[in-house]
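Take 1 as the starting number for the sequence shown in the UniProt record's numbering and just add one per residue.
For each residue, glycine too, the CB sits at the ideal point set by N, CA and C.
Predicted model, so just to flag it, every value in this text is computed and none were measured.
Below is one structure, written out as structure tokens; the observations come after it.
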Amino acid sequence: FDAASYQGCYSATAAQQAGARFSFIKLSQGTDYTNPYAGCQLTASRNAGLRLGAYHYADVSGNSAQAEVQQVHQRGTRERSHRGRGHPRARLGAVRQS
Numbered sequence: 001f002d003a004a005s006y007q008g009c010y011s012a013t014a015a016q017q018a019g020a021r022f023s024f025i026k027l028s029q030g031t032d033y034t035n036p037y038a039g040c041q042l043t044a045s046r047n048a049g050l051r052l053g054a055y056h057y058a059d060v061s062g063n064s065a066q067a068e069v070q071q072v073h074q075r076g077t078r079e080r081s082h083r084g085r086g087h088p089r090a091r092l093g094a095v096r097q098s
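Written out as structure tokens, the structure is:
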């Protein structure tokens, strides 16, 4: 399942018991938004035994590609401790143009 700040700190154990096997967590968007719940979402998912994925939602309507990549790198570095064996690094996700 996909989680962002809208879901808050959810019960990943309940999701796992309902059949979820992986979670993709939105870490950030553009250059000025960071999901405030990403840390607890990653921890809860990992503790529930879910495979983890993380993504940055690029917003290129006014940001340079270099600024977007820097945002992904900074957030991915902070969340690196949540990755376990077999868990991917943060990836660039969808792109929105206004």
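- For Arg-46, the enclosing alpha helix (DSSP H) begins and ends at 38–47.
- The alpha-carbon of Leu-27 is positioned some 13 Å away from that of Val-69.
- Closest option to Gly-30, judged by alpha-carbon separation, among Phe-1, Arg-46, Tyr-57, Asp-2: Tyr-57.
- Contact annotation, Phe-22 with Gly-53: C-beta distance approximately 6 Å; criterion of less than 8 Å satisfied.
- In this structure, Cys-9 lies away from Ala-38, with their beta-carbon atoms at least 8 Å apart.
- A buried status is given to Tyr-55, since no fewer than 16 other beta-carbon atoms sit within 10 Å of its beta-carbon.
- If you look at Gln-29, you'll find it in the beta strand (DSSP E) that goes 22–29.
- In its chain, beyond the 5 residues on either side, Ala-3, Ile-25 have a beta carbon closer than 6 Å to the beta carbon of Gln-41.
- Beta-bridge partners of Tyr-57 (DSSP): Gln-29.
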